[in-house]
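Counting with my numbering, you get residues 2 to 890 for the letters of the sequence shown. Backbone N, C-alpha and C define an ideal beta-carbon position, used for all residues, glycine too. In this text the structure is predicted, and so the values were computed from the model without any measurement. Only one structure is covered here, and it is reproduced in the block below.
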Amino acid sequence: MIRFAGVAAAAVLTVGFWCGLASAAVWEPLVPKACIDTRSLVEQEPDLLGTRTFGSVAELHAAADAAARAQGVTLRDAQWRVARTAAASVAAPGDVAPVLDFLRSLWRGGEARAALAYGELAARWPALPAVPSADRALASAAVAGSAEAMLALARHRASGAGAGAASVPALLAQARSLLWGRVTGGECGALTTLARLHLDPVDGERDPAQAEELLAAAAERHVAAAAVALADLLLSGDGVAYDLDRAIALLERESGRGTRGAQSMLLRLRLAGPLPARDRARADRIAAAFAASHGPDSMGVTILLAEDAAGRFGGPIDQGRVATLLAEAERHPPSLDHAMLARAYLEGWQGTVDIPAATRALTRAVSQGSAEAQAALAELRLMTEGVVPEAVRMLQEAAERGVIGAMLRLQGLAAAGSVSAKVADRMRALLVEAAGTGSDAAASAVARTMFREAILDGELADDARTALEQAARNGSVVAALELERARNLFRNGRERAAPDAHRAAGLDDYGAPERMLRIGRAYNGQTALGTHPDIASDWFAKCARLGDIRCHAALAGLSDRHPDLNLMPAAVAERSRRIAAEAGIADAIFAVGTMTGPPSGERVRRAAELNHLPAMLALLDASRGDAARLRDGVRWFDRASALAQADIEQSVALGRAYRDGSSLPKDADLALAIFTRAATLGSGVAMREVADLQLAKPETEARAAGLQWLQRAAALGDVPAIERLSRAHFDGWFGRADATAGFRFALLAAARGSAESKHLVADALETGFGTRADPAEAERWRRDAAAGGDVAAMVTLGERALADASQKDGDAALAWFGRAAAAGDGRALYRLGRLQQEGRFGPPDEAAAQGLFEAAAERGNLMSIYTLSRLRDQTHPAPAERRRMHGSN
Numbered sequence: 002m003i004r005f006a007g008v009a010a011a012a013v014l015t016v017g018f019w020c021g022l023a024s025a026a027v028w029e030p031l032v033p034k035a036c037i038d039t040r041s042l043v044e045q046e047p048d049l050l051g052t053r054t055f056g057s058v059a060e061l062h063a064a065a066d067a068a069a070r071a072q073g074v075t076l077r078d079a080q081w082r083v084a085r086t087a088a089a090s091v092a093a094p095g096d097v098a099p100v101l102d103f104l105r106s107l108w109r110g111g112e113a114r115a116a117l118a119y120g121e122l123a124a125r126w127p128a129l130p131a132v133p134s135a136d137r138a139l140a141s142a143a144v145a146g147s148a149e150a151m152l153a154l155a156r157h158r159a160s161g162a163g164a165g166a167a168s169v170p171a172l173l174a175q176a177r178s179l180l181w182g183r184v185t186g187g188e189c190g191a192l193t194t195l196a197r198l199h200l201d202p203v204d205g206e207r208d209p210a211q212a213e214e215l216l217a218a219a220a221e222r223h224v225a226a227a228a229v230a231l232a233d234l235l236l237s238g239d240g241v242a243y244d245l246d247r248a249i250a251l252l253e254r255e256s257g258r259g260t261r262g263a264q265s266m267l268l269r270l271r272l273a274g275p276l277p278a279r280d281r282a283r284a285d286r287i288a289a290a291f292a293a294s295h296g297p298d299s300m301g302v303t304i305l306l307a308e309d310a311a312g313r314f315g316g317p318i319d320q321g322r323v324a325t326l327l328a329e330a331e332r333h334p335p336s337l338d339h340a341m342l343a344r345a346y347l348e349g350w351q352g353t354v355d356i357p358a359a360t361r362a363l364t365r366a367v368s369q370g371s372a373e374a375q376a377a378l379a380e381l382r383l384m385t386e387g388v389v390p391e392a393v394r395m396l397q398e399a400a401e402r403g404v405i406g407a408m409l410r411l412q413g414l415a416a417a418g419s420v421s422a423k424v425a426d427r428m429r430a431l432l433v434e435a436a437g438t439g440s441d442a443a444a445s446a447v448a449r450t451m452f453r454e455a456i457l458d459g460e461l462a463d464d465a466r467t468a469l470e471q472a473a474r475n476g477s478v479v480a481a482l483e484l485e486r487a488r489n490l491f492r493n494g495r496e497r498a499a500p501d502a503h504r505a506a507g508l509d510d511y512g513a514p515e516r517m518l519r520i521g522r523a524y525n526g527q528t529a530l531g532t533h534p535d536i537a538s539d540w541f542a543k544c545a546r547l548g549d550i551r552c553h554a555a556l557a558g559l560s561d562r563h564p565d566l567n568l569m570p571a572a573v574a575e576r577s578r579r580i581a582a583e584a585g586i587a588d589a590i591f592a593v594g595t596m597t598g599p600p601s602g603e604r605v606r607r608a609a610e611l612n613h614l615p616a617m618l619a620l621l622d623a624s625r626g627d628a629a630r631l632r633d634g635v636r637w638f639d640r641a642s643a644l645a646q647a648d649i650e651q652s653v654a655l656g657r658a659y660r661d662g663s664s665l666p667k668d669a670d671l672a673l674a675i676f677t678r679a680a681t682l683g684s685g686v687a688m689r690e691v692a693d694l695q696l697a698k699p700e701t702e703a704r705a706a707g708l709q710w711l712q713r714a715a716a717l718g719d720v721p722a723i724e725r726l727s728r729a730h731f732d733g734w735f736g737r738a739d740a741t742a743g744f745r746f747a748l749l750a751a752a753r754g755s756a757e758s759k760h761l762v763a764d765a766l767e768t769g770f771g772t773r774a775d776p777a778e779a780e781r782w783r784r785d786a787a788a789g790g791d792v793a794a795m796v797t798l799g800e801r802a803l804a805d806a807s808q809k810d811g812d813a814a815l816a817w818f819g820r821a822a823a824a825g826d827g828r829a830l831y832r833l834g835r836l837q838q839e840g841r842f843g844p845p846d847e848a849a850a851q852g853l854f855e856a857a858a859e860r861g862n863l864m865s866i867y868t869l870s871r872l873r874d875q876t877h878p879a880p881a882e883r884r885r886m887h888g889s890n
């Protein structure tokens, strides 16, 4: 085995010089103004092989001979081009061996580039027994002086896949030295490779700002790959300023030069990007230019156009065109994004959900080595076949390859008892590892585990805390906000200093819609900070002002869910709702349709075509009693059922429709069967639904089963389930009351953001019920509960402020009662009415007081009902009372 233990003295000096180029002021003068043409092979040369695959080395040699004659290049160049293109076209395990053999023959013949290609291809298919060591091939190419091979080898070894991890620093230093040497020699494309090292470092911290400078220098010198990468970075706002205009300008320029990566990105922006970027006429021109230049593509353009024809971006729905485009995509399997094709079939772009076609597409994607497709195929098999061993095995393999969704699903299966607890332990370790990369989903799962272990077991896990801190540094919004809560909740000597949550997540500095959307969602109930609609509304509004359709949809949805909070003017919510609807967001289309027309209207039907389950059920409901529309209703029911068969969330939604009798006949037994199936597959929400239905039954066995499902849902972090467990322990559902356990579960729910549980924790701390009394801490929790929207906490704080006669505290009391009243709380409305009636903080106003009493009475407030009856008696006394008042006999 070749080892890189050190570098010669002269090389060390060179490496030290090049690696010290930390700023543009130092390295910019060294970059030549004119560069050699560094466009990638795919864009510089024609596609020599199309979509062919090869069954033998002889076929590849024949193709190279033909290419050399046709293109007028040397046989060696033709062989390399054929090998590289064939390697990129490998679509199944059976296609690998001939290409590897061909690459190996070129490698042994002195073609160093072939060793790199061999190593990369071997690393893609590590499970094949016929594939020799990728480490050996990459090391051979590295020794031949390939900087790309050195980087690939460093990544390979740093991941633990190859031996010699100690050689990684030397490999990286030597690769950087070689790359800078190539830059000064005129190969400006090497700047792109250096930039990617800053964005995805093998070791050390990310440095997006340095990457932006390098990419900008390369883009100015017409390096196509750099321009596309820079545009992507500017659109992400990931450590750099969000700049839509600059990104579009870069993509327009490269698109005009025929760069297909730029054309693909620009097409997506014109069809589905922020409002300022959308332009259907330009999108049509880009699509035509792409087809003329590249034909069958590997950039997902055909699938993107099919998605547009399915109405997903607000355009007209043309299912015939969808079918044509999907069929066209199917004809080019080596270059097709099969996972995206599977989504098209599962979402019914062509009018029907096609599970067999989706299964075939995902199977092909798995054969190409896609871990995400492997997880998706496993999920589909779980939905259609149940918890079969093969589906579990596929999920475990995908999880080991870093697919976070697979890790979460296996956690759910373990909680349901469908797989062993050992699997859950392994998933915890993988999620901790994944959280450190900055994944919001992994960070959320790790935080749930951290809080549960700290509160229920009394042990704050250092590995989880460290992973969250690393995730926050890498841009995870969820991790930053979870650490904020942890810092407040676990204030003791072991608590480490944490930076400001927003700054740690890079949210305040760059103004990117994607990041604004993430923090808005985080404050909308996705983290331990709980639901803060007012803060979420601010972030969604900032993002919507930049034209992001998702933020318009989120803003409108927030207004619909919290109509009493007056989060924004009605006109603002209506505008965002209509913008989202016109852009093809099904929730918004359905909302506009139900507000402006009949339940079977055109907008509701369009939402149903976009697989919006409530819209489908509304159309089914509208068809009842109408023989002419009954067939249409049955069709929508069949489609809704097919969706539920392929998707757990849709399955739960269908179960709720049967449970509630909304749009479907009320059937608690059928709802229980649907929920139980989803619960067995690891859905925490379904587990809670099963628990609620079972606990509502009088039988002891059913209630015991319900408590067991409640515990399973709570183990997955389902906050309503944790709240119910708290009440179960306080009220003795398990046979005896346990105030200590009740308090711990209340604290866990509070730590996960439940405002109601925060108030319960405050009451317990104030009275010492289930824990030691701590009035100061109780006050902190009560204010936190009120800030999170708990009206009982608001009313309590208002009453306590009212007990102080000062005007200042009177203002505080009015503010707390006002917030609770705006949320529709009858007690707060009554208290405001009494204050108006008594003139406590201003002139008495009987009319205003009566209006408040009436509003409170409508909400069932007994004191208001009694007060109104007394007022009526005083205004219109009974006959006997009138005679007494007038002294009549």
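Between Ala153, Asp201, Ala148, which has its C-alpha nearest Arg183's C-alpha? Taking the first residue of the sequence shown as 1, we reach residue 183 at position 182. For the residues Ala153, Asp201, Ala148, the minimum Cα distance to Arg183 belongs to Ala148.
Out of Ala138, Ala59, Leu673, state which residue places its alpha-carbon closest to the alpha-carbon of Gln695. By 1-based counting over the sequence shown, the position of residue 695 is 694. Among Ala138, Ala59, Leu673, the Cα nearest to that of Gln695 belongs to Leu673.
For Asn567, count the other beta carbons within 10 Å of its own beta carbon; 16 or more makes it buried, fewer makes it exposed. Which is it? In the sequence shown, counting from the first residue as 1, residue 567 sits at position 566. Answer is exposed; the Cβ neighbour count stays below 16.
Residue range of the unbroken alpha helix (DSSP H) whose run includes Gly834: To locate residue 834, count along the sequence shown from 1; it is residue 833. Element bounds for Gly834: 827 to 839.
Spatial neighbours of Val420 in its chain, beta-carbon cut-off 7 Å, leaving aside the 5 residues before and after: For the purposes of this step, residue 420 is identified with residue 419 of the sequence shown, where counting begins at 1. Closer than 7 Å at Cβ, skipping near neighbours: Val393, Leu411, Leu414.
When we look at the beta-carbon of Tyr867 and count the other beta-carbons within 10 Å, is it buried (16 or more) or exposed? Locating residue 867 in the sequence shown gives position 866, where the first residue counts as 1. By the 10 Å Cβ count, Tyr867 comes out exposed.
Alpha carbons only, please: which of Gln397, Glu188, Ala584 is nearest the one belonging to Met408? For the purposes of this step, residue 408 is taken as the residue at position 407 of the sequence shown. Checking every option, the nearest Cα to that of Met408 belongs to Gln397.
Below 8 Å CB to CB, which residues in the same chain sit around Thr194 once its five sequence neighbours on both sides are set aside? As a first step, residue 194 must be located in the sequence shown, where it is residue number 193. Contacts found: Ala148, Glu149, Leu152, Leu180.
Count the other CB atoms, across all protein chains shown, that sit within 10 Å of the CB of Arg562; report buried if there are 16 or more and exposed otherwise. The sequence position of residue 562 within the sequence shown is 561, counting from 1. Its Cβ having fewer than 16 others within 10 Å, Arg562 is exposed.
Going straight from the alpha carbon of Gly403 to that of Asp280, what length do you get? On the sequence shown, residue 403 is found 402 positions in, with the first residue counted as 1. On the sequence shown, residue 280 is found 279 positions in, with the first residue counted as 1. Going from the Cα of Gly403 to the Cα of Asp280 covers about 37 Å.
Taking a contact to mean a Cβ-Cβ separation below 8 Å, would you say Lys759 touches Asp732 in this structure? Indexing the sequence shown from 1 puts residue 759 at position 758. Indexing the sequence shown from 1 puts residue 732 at position 731. Not closer than 8 Å, so no.
Spatial neighbours of Pro277 within its chain, please: C-beta separation below 7 Å, excluding the five flanking residues on both sides. Taking the sequence shown and counting its residues from 1, the one referred to as residue 277 is at position 276. Excluding sequence neighbours, Pro277 sits near Leu245, Gly548.
Which of the three DSSP states is assigned to Met451 in this structure? The count along the sequence shown starts at 1 and reaches residue 451 at position 450. Of the three classes helix, strand and coil, the one that applies to Met451 here is helix, per DSSP.
Distance, Cα to Cα, Glu233 vs Ala248? Counting from one through the sequence shown, the residue named residue 233 turns up at place 232. Counting from one through the sequence shown, the residue named residue 248 turns up at place 247. According to the sequence provided, residue 233 is Asp. The question's Glu does not apply to it. Approximately 7 Å between the Cα atoms of the pair.
So Arg841 and Gly799 are in contact, right, with Cβ under 8 Å, and what is the actual spacing, rounded? For the purposes of this step, residue 841 is identified with residue 840 of the sequence shown, where counting begins at 1. For the purposes of this step, residue 799 is identified with residue 798 of the sequence shown, where counting begins at 1. Arg841 to Gly799, Cβ: 12 Å. No contact.
Report back the beta-carbon spacing between Glu373 and Ala343 to the nearest angstrom; my notes put them in contact at under 8 Å. For the purposes of this step, residue 373 is taken as the residue at position 372 of the sequence shown. For the purposes of this step, residue 343 is taken as the residue at position 342 of the sequence shown. At roughly 10 Å, the Cβ-Cβ gap does not stay under 8 Å, so Glu373 and Ala343 are not in contact.
Taking His533 as the reference, which of Pro666, Tyr524, Asp633, Trp540 has the closest Cα? If you number the sequence shown from 1, residue 533 lands on position 532. Ranking the options by Cα distance to His533, first place goes to Tyr524.
Can you give the Cα-Cα distance for Arg497 and Leu484, rounded to whole angstroms? For the purposes of this step, residue 497 is taken as the residue at position 496 of the sequence shown. For the purposes of this step, residue 484 is taken as the residue at position 483 of the sequence shown. Legend: pLDDT at Arg497 = 35, less than 50; position of this residue unreliable, no value from coordinates given.
Nearest by alpha-carbon distance to Gly259: which of Arg286, Glu221, Gly743 is it? Position 258 of the sequence shown, counted from the start, is the residue given in the question as residue 259. It is Arg286.
Can you find at least 3 beta carbon pairs, one from the segment 651 to 658 and one from the segment 628 to 636, that sit closer than 8 Å? no
State the start and end residues of the unbroken alpha helix (DSSP H) segment that holds Val1. No information on residue 1 is available, as it lies outside the stretch 2 to 890 that the chain covers here.
Use the C-beta contact count for Ala487: other C-beta atoms within 10 angstroms, 16 or more gives buried, fewer gives exposed. Position 486 of the sequence shown, counted from the start, is the residue given in the question as residue 487. With 16 or more Cβ atoms within 10 Å of its Cβ, Ala487 is classed as buried.
When we look at the beta-carbon of Met384 and count the other beta-carbons within 10 Å, is it buried (16 or more) or exposed? Counting from one through the sequence shown, the residue named residue 384 turns up at place 383. Buried, by the Cβ-count rule.
Determine contact between the segment 787 to 797 and the segment 810 to 822, defined as no fewer than three beta-carbon pairs at a distance below 8 Å. Three or more pairs of CB atoms, one per stretch, sit closer than 8 Å, so the segment 787 to 797 contacts the segment 810 to 822.
Check the C-beta distance from Gly685 over to Arg449 and give it rounded, since I have them as a contact under 8 Å. The residue given as residue 685 occupies position 684 in the sequence shown. The residue given as residue 449 occupies position 448 in the sequence shown. Not quite, the Cβ-Cβ distance comes to about 10 Å (not below 8 Å), so this is no contact.
Nearest-angstrom beta carbon gap, Ala581 and Ala608 [assumed within contact, 8 Å]: Within the sequence shown, numbered from 1, the residue matching residue 608 stands at position 607. Within the sequence shown, numbered from 1, the residue matching residue 581 stands at position 580. Not confirmed; about 12 Å, so no contact.
Cβ-based burial, Met596 [other Cβ within 10 Å; buried from 16]: What you label residue 596 is simply residue 595 of the sequence shown in a count that begins at 1. With fewer than 16 Cβ atoms within 10 Å of its Cβ, Met596 is classed as exposed.
Grab the span of the alpha helix (DSSP H) containing Thr597 for me, first residue to last. In the sequence shown, counting from the first residue as 1, residue 597 sits at position 596. DSSP places Thr597 inside the alpha helix (DSSP H), whose first and last residues are 587 to 597.
Excluding the five sequence neighbours on either side, which residues of its own chain have a C-beta within less than 8 Å of the C-beta of Gly187, listed in chain order? The count along the sequence shown starts at 1 and reaches residue 187 at position 186. If we look at Gly187 and ignore the five residues flanking it on each side, its Cβ neighbours are Pro33, Ala35, Cys36, Ile37.
Which term fits Leu42, buried or exposed, when burial requires 16 or more other beta carbons within 10 angstroms of its beta carbon? Position 41 of the sequence shown, counted from the first residue, corresponds to residue 42. Low confidence applies to Leu42: its pLDDT is 34, below 50, so where it sits in the model is not reliable enough to give any reading.
Residue range of the alpha helix (DSSP H) that includes Glu702: As a position in the sequence shown, residue 702 is number 701, starting the count at 1. It spans 701 to 716 - the alpha helix (DSSP H) in which Glu702 sits, taken as one unbroken run.
Helix, strand or coil, according to DSSP, for Gly743 in the structure here? For the purposes of this step, residue 743 is taken as residue 742 along the sequence shown, with counting starting at 1. Gly743: helix per DSSP, three-state reduction.
Using the C-alpha atoms, what's the distance from Ala417 back to Ala423? By 1-based counting over the sequence shown, the position of residue 423 is 422. By 1-based counting over the sequence shown, the position of residue 417 is 416. According to the sequence provided, residue 423 is Lys. The question's Ala does not apply to it. About 13 Å.
Since Val241 contacts Leu235 with CB under 8 Å, what's their CB separation in whole angstroms? Residue 241 sits at position 240 when you count from the first residue of the sequence shown. Residue 235 sits at position 234 when you count from the first residue of the sequence shown. At roughly 7 Å, the Cβ-Cβ gap stays under 8 Å, so Val241 and Leu235 are in contact.
With distance defined between alpha-carbon atoms, name the residue in Gly56, Val58, Gln80, Ser57 nearest to Asp66. Locating residue 66 in the sequence shown gives position 65, counting from the first residue. Per the Cα distances, Gln80.
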